[in-house]
Amino acid sequence: MKFVDEYRDSALARDLARAILAEARPDRDYRLMEFCGGHTHAIFRYGVQDLMPENLRFVHGPGCPVCVLPMARIDQAIAMASQHGVTLCTYGDLMRVPASERQSLLKAKAAGADIRMVYSTQDALAIARAATQQQPAQQVVFFAIGFETTTPPTAVALKTARAEGLRNFSVFCNHVLTPPALRAILSDSADEVARIDGILGPSHVSTIIGSAAYEFVARDHGLPLVIAGFEPLDVMQSALMLVRQINQGRRDLQNQYSRAVSPEGNTKAQALMRDTLVPRERFEWRGLGWLPESALKIADAYADWDAEQRFPVAVTPGREHEGCECPKVLRGLMEPTDCKLFGRVCSPENPLGACMVSSEGACAAYWLHGRSRIPQRTASASAT
Amino acid sequence: MCLAIPAQVLSIDSATDQACVSLDGVRKEISLALVDGVEVGDYVLVHVGYALNRISPEEAEETLRLMRALGALDADAAQGASQSAPDQQPQPTQAGAAE
Ligand code: SF4
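Which chain is which? The protein sequence lines are E and G, in order.
Using numbering that gives the first Met the number 0, read the first sequence as starting at 0 and increasing by one per residue.
Using numbering that gives the first Met the number 0, read the second sequence as starting at 0 and increasing by one per residue.
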């Protein structure tokens, strides 16, 4: 497949691995945080960590929108479906995420709620259009989630609904912004901050907001950041670029993923987002708490299509599973295998936290691809 | 969740702003609402049914060229170092890294 296979070439991977080994100084550690869950997934799926020198470690960040969505928002969506009888449409990623009282969208659906999986906001609009013909009273709510990558399609849906005067469609907006989350992690209180030497910056988020959106990392936090593509060779090349910067004491913003990312990003998509969505004063992130200006809500001009206003529900704040260490995992403070529940009671078949549900969550990645390597890692860790 | 996949544009319906793309051989209808000026034959990144951006073939080629250069250069340098090769060996690495 063009623009994919070239970046999975194993001979080139070995060359890059050798280059990293040659450049990484044996007398220091390199802790590189990958912000995106897509990177976490690629690192595990292709065994990139195994090709790295011992003293270079990938630290997994919070960059999976499913993993950072607090339980209360899923509770709210389920309540919309059950209390108001709306048809709830959402992306498949959300279906199995644990909600309060051992609920999930999938279980609510099995219990009779009208919850449907869609691939695109276009599908959700089509369901609403069809409903206006068959059951005009039926309301369709699109449960929108995702970082800046997934936000523009929601903006298009809002525009389309307004243009068509589609009154039985609305959006439950849960879109969150990556720069405030990265800022929060990098300015965590001193005793809690994960030691990070460099950052692999978001790939597809950056196609929309542009690489320049991450200039603050070098400027305010003194850390090098490389916008990195999702394929294994992209990750390796980016790691090499970070190692070089660290060795030279540089702290620059570099763009490895220039085939898809420009400094200014997709300005058309940005304009659509600005027209339909505005920043929320604050929003709760699982693992990071309440962060100011870190999420979007529907603009006043589109209030008629705002499910939160149209279908208010009261939910008691959901309580996460007591032993779940997702918050620490998401901030790079703990490895999934350090969680007492990992693999014992928590697995992808029976996930207790969101990090185990999403294939981009660190816990699921460890479980699916990293199990064979875990004893080794523990052994080497205890030996030092 | 943020995964986007490269696909080649096979045809465009400008009336609906939709395109038919080939995703590794599979045909799919996607929306072009987020990108202007897409032409048949272009590669776009597809995410949840939308083209997010065009992929630049020139930049893609340049990235691969850099990767090969990095890999080859450092493999040489590593080998050269162990054999105490001539002084000029590591220099390109230095120059490349200092850009
Ligand atoms: S292993 Fe399960 S319980 Fe532990 S942190 Fe991960 S998701 Fe939470």
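Here a beta-carbon is modelled for each residue, glycine too, at the ideal position from N, C-alpha and C.
No experiment lies behind these values; they were computed from the predicted model shown.
Item to check | Cβ distance (whole Å) where Thr66 (chain E) is taken to contact Gly91 (chain E) below 8 angstroms | outcome: Working through the first sequence from its first residue, we reach residue 66 (chain E) at position 67. Working through the first sequence from its first residue, we reach residue 91 (chain E) at position 92. Going by the sequence as given, residue 66 (chain E) is Cys instead of Thr. With 8 angstroms as the limit, Cys66 (chain E) and Gly91 (chain E) do not qualify as a contact, their Cβ atoms being about 15 angstroms apart.
Checklist entry - If we count the other Cβ atoms within 10 Å of its Cβ and call it buried at 16 or more, is Leu9 (chain G) buried or exposed? => result Position 10 of the second sequence, counted from the first residue, corresponds to residue 9 (chain G). Answer is exposed; the Cβ neighbour count stays below 16.
Next on the checklist: Here's a check: name, in chain order, each residue in its chain whose Cβ is nearer than 7 angstroms to the Cβ of Leu15 (chain E), leaving out the five neighbours to either side.
Outcome noted: Your numbering for residue 15 (chain E) matches position 16 in the first sequence. If we look at Leu15 (chain E) and ignore the five residues flanking it on each side, its Cβ neighbours are Leu232, Met235, Gln236, Leu239.
Checklist entry - If you draw a straight line from the alpha carbon of Leu332 (chain E) to that of Met355 (chain E), how long is it in whole angstroms? => result What you label residue 332 (chain E) is simply residue 333 of the first sequence in a count that begins at 1. What you label residue 355 (chain E) is simply residue 356 of the first sequence in a count that begins at 1. Answer to the nearest angstrom: the Cα atoms are 17 angstroms apart.
Checklist entry - Do Phe2 (chain E) and Ile54 (chain G) come within 8 angstroms of each other at the CB atom, strictly closer than that value? => result Indexing the second sequence from 1 puts residue 54 (chain G) at position 55. Indexing the first sequence from 1 puts residue 2 (chain E) at position 3. When the beta-carbon positions are compared, Ile54 (chain G) and Phe2 (chain E) come within less than 8 angstroms of each other.
Item to check | 8 angstroms Cβ shell around Pro347 (chain E) - same chain, five flanking residues per side excluded | outcome: Your numbering for residue 347 (chain E) matches position 348 in the first sequence. So the qualifying residues of the chain are Met355, Val356, Ala363, Trp366, Leu367.
Checklist entry - Nearest-angstrom Cα distance between Gly197 (chain E) and Arg30 (chain E)? => result As a first step, residue 197 (chain E) must be located in the first sequence, where it is residue number 198. As a first step, residue 30 (chain E) must be located in the first sequence, where it is residue number 31. Distance between the alpha carbons of Gly197 (chain E) and Arg30 (chain E): 7 angstroms.
Item to check | Rounded Cβ spacing between Asp74 (chain E) and Gly286 (chain E) (contact assumed at less than 8 angstroms) | outcome: Along the first sequence, read from residue 1 onward, the residue named residue 74 (chain E) stands at position 75. Along the first sequence, read from residue 1 onward, the residue named residue 286 (chain E) stands at position 287. With 8 angstroms as the limit, Asp74 (chain E) and Gly286 (chain E) do not qualify as a contact, their Cβ atoms being about 17 angstroms apart.
Item to check | DSSP three-state assignment for Ser186 (chain E), whether helix, strand or coil | outcome: Taking the first sequence and counting its residues from 1, one reaches residue 186 (chain E) at position 187. In the structure shown, Ser186 (chain E) adopts coil according to DSSP, grouped into three states.
Item to check | Alpha carbon of Ala23 (chain E) to alpha carbon of Asp4 (chain E), nearest angstrom | outcome: Translated into the one-based positions of the first sequence, residue 23 (chain E) becomes position 24. Translated into the one-based positions of the first sequence, residue 4 (chain E) becomes position 5. In a straight line, the C-alpha of Ala23 (chain E) is about 27 angstroms away from that of Asp4 (chain E).
Next on the checklist: Rounded to the nearest angstrom, what separates Leu340 (chain E) and Tyr213 (chain E) at their Cα positions?
Outcome noted: The residue labelled residue 340 (chain E) in the question sits at position 341 within the first sequence. The residue labelled residue 213 (chain E) in the question sits at position 214 within the first sequence. Here the alpha carbons of Tyr213 (chain E) and Leu340 (chain E) stand approximately 35 angstroms from one another.
Item to check | Heavy atom of the ligand FAD within 7 angstroms of Met70 (chain E) beta-carbon | outcome: As far as ligands go, the structure on display features the ligand SF4 and does not contain the ligand FAD.
Checklist entry - So, Val204 (chain E) versus Ala32 (chain G), is the Cβ gap smaller than 8 angstroms? => result As a first step, residue 204 (chain E) is located in the first sequence; it is residue number 205 there, counting from the start. As a first step, residue 32 (chain G) is located in the second sequence; it is residue number 33 there, counting from the start. Not in contact: Val204 (chain E) and Ala32 (chain G) (Cβ atoms no closer than 8 angstroms).
Next on the checklist: In chain order, what are the residue ranges of uninterrupted alpha helix (DSSP H) at least 4 long that sit wholly in the stretch 142-211 of chain E?
Outcome noted: Those alpha helix (DSSP H) runs which fall completely within the stretch 142-211 of chain E and span 4+ residues are 150-163, 177-185, 203-208.
Checklist entry - Mind checking Ala123 (chain E): buried by the 16 CB within 10 Å criterion, or exposed? => result Here residue 123 (chain E) refers to the residue found at position 124 of the first sequence. With 16 or more Cβ atoms within 10 Å of its Cβ, Ala123 (chain E) is classed as buried.
Checklist entry - If we ignore side chains and look at the alpha-carbon of each, how far apart do Arg376 (chain E) and Gly342 (chain E) end up? => result For this step, residue 376 (chain E) is matched to residue 377 along the first sequence. For this step, residue 342 (chain E) is matched to residue 343 along the first sequence. Here the model assigns Arg376 (chain E) a pLDDT of 41, short of 50, so the residue's position is not dependable, and the following value carries that caveat. About 16 angstroms.
Checklist entry - Using DSSP with H/G/I as helix, E/B as strand and the rest coil, what is Tyr256 (chain E)? => result In the first sequence, counting from the first residue as 1, residue 256 (chain E) sits at position 257. Tyr256 (chain E) falls in the coil class under three-state DSSP.
Checklist entry - What's the call for Val255 (chain E), buried or exposed, on a 16-neighbour Cβ count within 10 Å? => result Residue mapping note: residue 255 (chain E) aligns to position 256 of the first sequence, counting from 1. Contrary to the premise, residue 255 (chain E) reads as Gln rather than Val in this sequence. Flag for Gln255 (chain E) reads buried.
Item to check | Rounded C-alpha distance that separates Pro326 (chain E) from Gly360 (chain E) | outcome: Residue 326 (chain E) sits at position 327 when you count from the first residue of the first sequence. Residue 360 (chain E) sits at position 361 when you count from the first residue of the first sequence. Taking the straight line from one Cα to the other gives about 12 angstroms.
Next on the checklist: Measuring straight from C-alpha to C-alpha, what distance separates Arg279 (chain E) and Trp304 (chain E)?
Outcome noted: By 1-based counting over the first sequence, the position of residue 279 (chain E) is 280. By 1-based counting over the first sequence, the position of residue 304 (chain E) is 305. Their Cα atoms are separated by approximately 17 angstroms.
Next on the checklist: Taking the beta carbon of Trp289 (chain E) as the centre, do at least 16 other beta carbons fall within 10 Å, making it buried, or is it exposed?
Outcome noted: In the first sequence, residue 289 (chain E) corresponds to position 290, counting from 1. It is exposed - the Cβ of Trp289 (chain E) has fewer than 16 other Cβ atoms within 10 Å.
Item to check | Given Val39 (chain G) as reference, the closest of G:Ile4, G:Leu63, G:Ala3, G:Gln17 once Cα atoms are compared | outcome: Working through the second sequence from its first residue, we reach residue 39 (chain G) at position 40. Checking every option, the nearest Cα to that of Val39 (chain G) belongs to G:Gln17.
Next on the checklist: Please classify Ala6 (chain G) as buried or exposed, where buried requires at least 16 other C-beta atoms within 10 Å of its C-beta.
Outcome noted: Residue numbering aside, residue 6 (chain G) sits at position 7 when the second sequence is read from its first letter. For Ala6 (chain G), the number of other beta carbons within 10 angstroms of its own is at least 16, and it is reported as buried.
Item to check | Meets three-Cβ-pair contact criterion under 8 angstroms: the stretch 132-142 of chain E and the stretch 75-91 of chain E | outcome: The answer is yes - the stretch 75-91 of chain E touches the stretch 132-142 of chain E, with three or more Cβ pairs under 8 angstroms.
Item to check | For Phe215 (chain E), the first and last residue of its enclosing alpha helix (DSSP H) | outcome: Here residue 215 (chain E) refers to the residue found at position 216 when the first sequence is read from its first residue. Per DSSP, Phe215 (chain E) belongs to the alpha helix (DSSP H) from 214-220.
Checklist entry - Got a sec: does the ligand SF4 put a non-hydrogen atom nearer than 7 angstroms to the Cβ of Cys325 (chain E)? => result What you label residue 325 (chain E) is simply residue 326 of the first sequence in a count that begins at 1. Under cutoff, so the answer is yes.
Next on the checklist: Tell me which residue opens and which closes the beta strand (DSSP E) that Ala6 (chain G) is part of.
Outcome noted: By one-based count along the second sequence, residue 6 (chain G) stands at place 7. Taken as a continuous stretch (DSSP letters only), the beta strand (DSSP E) holding Ala6 (chain G) covers 4-12.
Next on the checklist: So Ile11 (chain G) contacts chain E; which residues on that side make the cut at Cβ distance below 7 angstroms?
Outcome noted: Residue mapping note: residue 11 (chain G) aligns to position 12 of the second sequence, counting from 1. Per Cβ cutoff of 7 angstroms: no residues; Ile11 (chain G) is ~16 angstroms from chain E at best.
Next on the checklist: For the alpha helix (DSSP H) containing Trp304 (chain E), name the first residue and the last one.
Outcome noted: Position 305 of the first sequence holds residue 304 (chain E). Run containing Trp304 (chain E): none; DSSP gives neither H nor E here.
Checklist entry - Are Leu55 (chain E) and Ala12 (chain E) close, meaning C-beta to C-beta below 8 angstroms? => result Translated into the one-based positions of the first sequence, residue 55 (chain E) becomes position 56. Translated into the one-based positions of the first sequence, residue 12 (chain E) becomes position 13. Cβ distance not < 8 angstroms, so Leu55 (chain E) and Ala12 (chain E) don't count as in contact.
Item to check | Helix, strand or coil at Ala294 (chain E) according to DSSP, with G and I counted as helix | outcome: In the first sequence, counting from the first residue as 1, residue 294 (chain E) sits at position 295. Note: Ala294 (chain E) maps to strand in three-state DSSP.
Item to check | Presumed contact (8 angstroms Cβ cut-off) between Ile207 (chain E) and Gln269 (chain E), rounded CB distance | outcome: Against the first sequence, residue 207 (chain E) aligns to sequence position 208. Against the first sequence, residue 269 (chain E) aligns to sequence position 270. The Cβ separation is near 7 angstroms, so the contact holds.
Checklist entry - Out of curiosity, what's the CA-to-CA distance linking Pro56 (chain G) and Leu63 (chain G)? => result For the purposes of this step, residue 56 (chain G) is taken as the residue at position 57 of the second sequence. For the purposes of this step, residue 63 (chain G) is taken as the residue at position 64 of the second sequence. Those two C-alpha atoms are separated by around 11 angstroms.
Checklist entry - Excluding five sequence neighbours on each side, which residues of the same chain lie with their C-beta closer than 6 angstroms to the C-beta of Thr177 (chain E)? => result As a working note, residue 177 (chain E) is residue 178 in the first sequence. Answer for Thr177 (chain E): Phe146, Pro201, Val204, listed in chain order.
Checklist entry - To the nearest whole angstrom, what separates the beta carbons of Pro414 (chain E) and Glu292 (chain E), a pair I think is in contact under 8 angstroms? => result Residue 414 (chain E) lies beyond the stretch modelled for chain E, which goes from 0 to 383, so this question has no answer here.
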